[in-house]
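Colleague:
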DNA sequence: CTGAAAGCGCTTACAG
DNA sequence: CTGAAAGCGCTTACAG
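Chains as they are written, first to last, in this note's numbering: chain L, 420 to 757; chain C, 420 to 757.
1. How about residue 749 of chain L and residue 508 of chain L: are their beta carbons less than 9 Å apart?
2. On the CB-based measure, 16 or more other CB atoms within 10 Å of its CB, does residue 432 of chain L come out buried or exposed?
3. Determine which residues share a DSSP beta bridge with residue 717 of chain C and list them.
4. Give every residue of the same chain whose Cβ lies closer than 8 Å to the Cβ of residue 428 of chain C, excluding the five residues on either side of it in the sequence, and list them in chain order.
5. Taking residue 699 of chain C and residue 677 of chain C to be in contact with their CB atoms under 8 Å, please state how far apart those CB atoms are, rounded to whole angstroms.
6. Please name the residue or residues paired with residue 617 of chain C in a DSSP beta bridge.
7. Counting Cβ pairs, one atom from each stretch, are 3 or more of them under 8 Å apart for the region 637 to 649 of chain C and the region 604 to 623 of chain C?
8. What are the boundary residues of the alpha helix (DSSP H) that includes residue 686 of chain L?
9. Can you check whether the CB of residue 546 of chain C is closer than 9 Å to the CB of residue 486 of chain C?
10. In whole angstroms, what separates the C-alpha of residue 603 of chain L from that of residue 746 of chain L?
11. Taking a Cβ distance cut-off of 9 Å, strictly less, list which residues of the region 519 to 531 of chain L are near chain C, in chain order.
12. When DSSP labels each residue in this structure, what does residue 584 of chain L get in the three-state scheme?
13. Determine the burial state of residue 625 of chain C: buried for a count of at least 16 other Cβ atoms within 10 Å of its Cβ, exposed for fewer.
14. Since residue 460 of chain C is in the alpha helix (DSSP H), which residue starts that stretch and which ends it?
15. Using DSSP bridges, identify the partner residues of residue 669 of chain C.
16. Do you know offhand how far residue 531 of chain L's Cα is from residue 558 of chain L's?
17. Looking at chain L, is there any beta carbon in it that lies within less than 9 Å of the beta carbon of residue 542 of chain C?
18. From residue 436 of chain C to residue 452 of chain C, what distance separates their C-alpha atoms?
19. Taking residue 471 of chain L as the query, report the chain C residues whose CB atoms sit under 7 Å from its CB, ordered along the chain.
20. Just how far apart, CA to CA, sit residue 425 of chain L and residue 675 of chain C?
21. Could you check the C-alpha separation between residue 577 of chain C and residue 687 of chain C for me, to the nearest Å?
22. For a test of the three-state rule: what should DSSP assign to residue 574 of chain L, helix, strand or coil?
23. In the region 676 to 706 of chain C, which residues sit with their C-beta less than 9 Å from some C-beta in chain L, listed in chain order?
24. Using a Cβ-Cβ distance under 9 Å, would residue 503 of chain L count as near chain C?
25. Quick one: which chain L residues come within Cβ less than 7 Å of residue 536 of chain C?
26. Closest Cβ-Cβ distance between residue 433 of chain L and chain C: below 9 Å?
27. With 16 other CB atoms within 10 Å as the buried threshold, where does residue 620 of chain L fall?
28. My output table needs one value for residue 593 of chain L: the three-state DSSP class, helix, strand or coil.
29. Taking all protein chains shown into account, do 16 or more other C-beta atoms lie within 10 angstroms of the C-beta of residue 752 of chain C, making it buried, or fewer, making it exposed?
30. With DSSP run on the structure shown, which of helix, strand or coil describes residue 487 of chain C?
31. So, for residue 744 of chain C: in the same chain, excluding its five sequence neighbours on each side, which residues have a beta-carbon less than 7 Å away from its beta-carbon?
32. Quickly, what does DSSP pair residue 644 of chain C with across the bridge? List them, please.
33. According to DSSP, is residue 546 of chain C part of a helix, a strand, or is it coil?
34. For residue 574 of chain L, I'd like the list of residues in its chain whose CB is within less than 6 Å of its CB, leaving aside the five on either flank, ordered along the chain.
35. I want to see whether chain C comes within less than 9 Å of residue 494 of chain L, judged by CB atoms only; does it?
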């Protein structure tokens, strides 16, 4: 009953050829006669033989496994909008190359060394980092040690050139802010997340750029930082509603923040968008369903996943010669924007 | 500059001991003198040596990698509520045993054989299946071939006994329905998802059981099936509002469905919970934030992840002797329930 | 086109 | 407590 694990030697014996020949057939080497190939393939099928990946790896160079590092905090907050499509995109590209994704959810306290060992022990060929913070030491460690990695979102500014894919967050925020400006708004608030994340910093910059283009001096009182959650948005908006000259328009760095802000606004019996217009970020599935429907800025996340996977495969062969990839962000109008 | 990869032989030479002794030190064997151990450990540290996992695996039995299979469809729909905490729980347990999670997002068309090869090629020690459908052939394939697996959520009814962790969905739905019954509701609707999922089937059964206990004959017109999304809930509720004797209370099989249903109800200018009370499932992060706050049934998802990981480690050693694990579902009252 | 043999980097009886 | 040697299951020059 119990199937005994069959190996390359068994196949060789059964097919009356050498182990080397079986190996050549497995690896699709051209140096095998059609007749021999067929014979060996038949035995392989018949005995449902699967070459040991580890034994292969011991002889070959690559493991065909890539580690995906995800900070739990963000995994939780933005999961709905972010990780499933990101992973889907990656999977699509990696499947074709028979690469597998090893998932590491970064815990705190965060010990970068722990994750390096996946590479040093030869388990993975490298890393894909998802949304690490600006001051995260991990990318620099990888860089120093010549370990292949791709970052989804930019990381430390200390690195001159490294492979990443990113959304054009500056432009996304710029366009959303410009929309408000063209509608005649002068008091436009920004609900920021933690500026330790580059994507937050970029959205901030896009906002500032647009204001300046229209000759408006950014008012620090209109820029409030909090978590990217509903709670964060609610609290931030509460603050804004209390100042002397409250905003007539609000750009939030996430849709959850925008939803919290809407709660705060409606609580004061103000109208959206008549009294305060609002635009979020992420284009969540529910945006079109809430009342009023929430305008947002969309990222091409599945596309980012694909590009990250492609870039990773590229740098394995070309560690020097690569270009970072920037994908567009698109402003999606809905009624909340006015 | 370029670090040459160091191996166990190098360490042995540097430490003036045999390869076998280095191996013993690495594996914490007691048969090494304290003096030798320290000497070897020092060299290992000094040269930042990491034993090759693949070479170890070739000699040892286990790979210490488990494949987590996630259907993309559900990954997308319930990600926010489900996968991040599930993975977090699993990670917590696996980290301690130095197990890694390999992530496979199941694509369609779905080819079960593709995923079996992860095991047959010796890459993983087994599988954790997340929310597969009732008719999914994969669990039976694994069972037939004696491949270790744990399922999160029950699977095919063809298998007599297999390791799974599940939420007590029957009880959860029973309690929510009972709440309505105790409030005097007679016309209680159920918004179902696809009954190909056991958790949907179970929620359905809990609902039926409660009705029967109160001597109410289930009315097929009050049971509507659609997708577990906002859209699905909206459409299902629209149907219910059109029947002659519409429900005064609604249990939805997901919070997204409940949110869609609320949209449909409010569109008709009906009041929640006065005209129609509503309870969802999942206890999403946003439930308390919407208007009116949405009552729900909560699962202990992070706990499921932990239990799944523990059960997996258990069955590796005890393929026969194990018990499935059922975790509680808790009704969370909020205003929408009335 | 094919095979014998060395090698990948470990672990583990076995002998002492 | 320690070491020499065989073995895990492959790949790949090398020779023919």
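Ideal Cβ positions, reconstructed from N, Cα and C, are used throughout, including at glycine. These numbers come from a predicted model, not from an experiment.
Modeller: In this structure, then:
1. Not in contact: residue 749 of chain L and residue 508 of chain L (Cβ atoms no closer than 9 Å).
2. So residue 432 of chain L ends up on the exposed side.
3. Partner(s): C/749.
4. Answer for residue 428 of chain C: 438, listed in chain order.
5. Contact flag correct, Cβ pair sits at about 3 Å.
6. In the DSSP output, where bridge partners are listed per residue, residue 617 of chain C has none listed.
7. Verdict: yes, contact present.
8. Taken as a continuous stretch (DSSP letters only), the alpha helix (DSSP H) holding residue 686 of chain L covers 674 to 686.
9. Cβ atoms of residue 486 of chain C and residue 546 of chain C: closer than 9 Å.
10. Pairing residue 603 of chain L with residue 746 of chain L, the inter-Cα distance amounts to about 29 Å.
11. Residues passing the 9 Å Cβ filter: 519, 520, 521, 522, 523, 524, 526.
12. DSSP places residue 584 of chain L in strand when its eight states are reduced to three.
13. Residue 625 of chain C should be labelled buried.
14. 453 to 465 is the extent of the alpha helix (DSSP H) around residue 460 of chain C.
15. Partner(s): C/608, C/697.
16. Their backbone Cα atoms lie some 9 Å apart in a straight line.
17. Yes, because at least one Cβ of chain L sits closer than 9 Å to the Cβ of residue 542 of chain C.
18. One Cα belongs to residue 436 of chain C, the other to residue 452 of chain C, and the distance between them is close to 12 Å.
19. Chain C residues near residue 471 of chain L: 540, 541.
20. For residue 425 of chain L and residue 675 of chain C, the gap between their C-alpha atoms comes out near 49 Å.
21. Whole-angstrom Cα-Cα distance: 45 Å.
22. In the structure shown, residue 574 of chain L sits in coil (DSSP, three-state: anything other than H, G, I, E or B).
23. Hits within the stretch, in order: 678, 679, 682, 685, 704, 705.
24. At least one chain C Cβ lies under 9 Å of residue 503 of chain L.
25. Contact of residue 536 of chain C with chain L by beta-carbon distance below 7 Å involves 469.
26. No, because no Cβ of chain C sits closer than 9 Å to the Cβ of residue 433 of chain L.
27. Under a 10 Å Cβ-count criterion, residue 620 of chain L is classified as buried, with 16 or more other Cβ atoms of the shown protein chains found around its own Cβ.
28. Looking at residue 593 of chain L - three-state DSSP - the assignment turns out to be helix.
29. Residue 752 of chain C is exposed by the Cβ-count criterion.
30. When secondary structure is reduced to three states using DSSP, residue 487 of chain C falls in the strand class.
31. Correct list, in chain order: 584, 726, 730.
32. As computed with DSSP, residue 644 of chain C is found in a beta bridge with C/611.
33. Residue 546 of chain C: strand per DSSP, three-state reduction.
34. The answer, listed in chain order, is 551, 558.
35. Because the pLDDT at residue 494 of chain L is just 46, under 50, the model does not fix this residue reliably, and the point stays unresolved.
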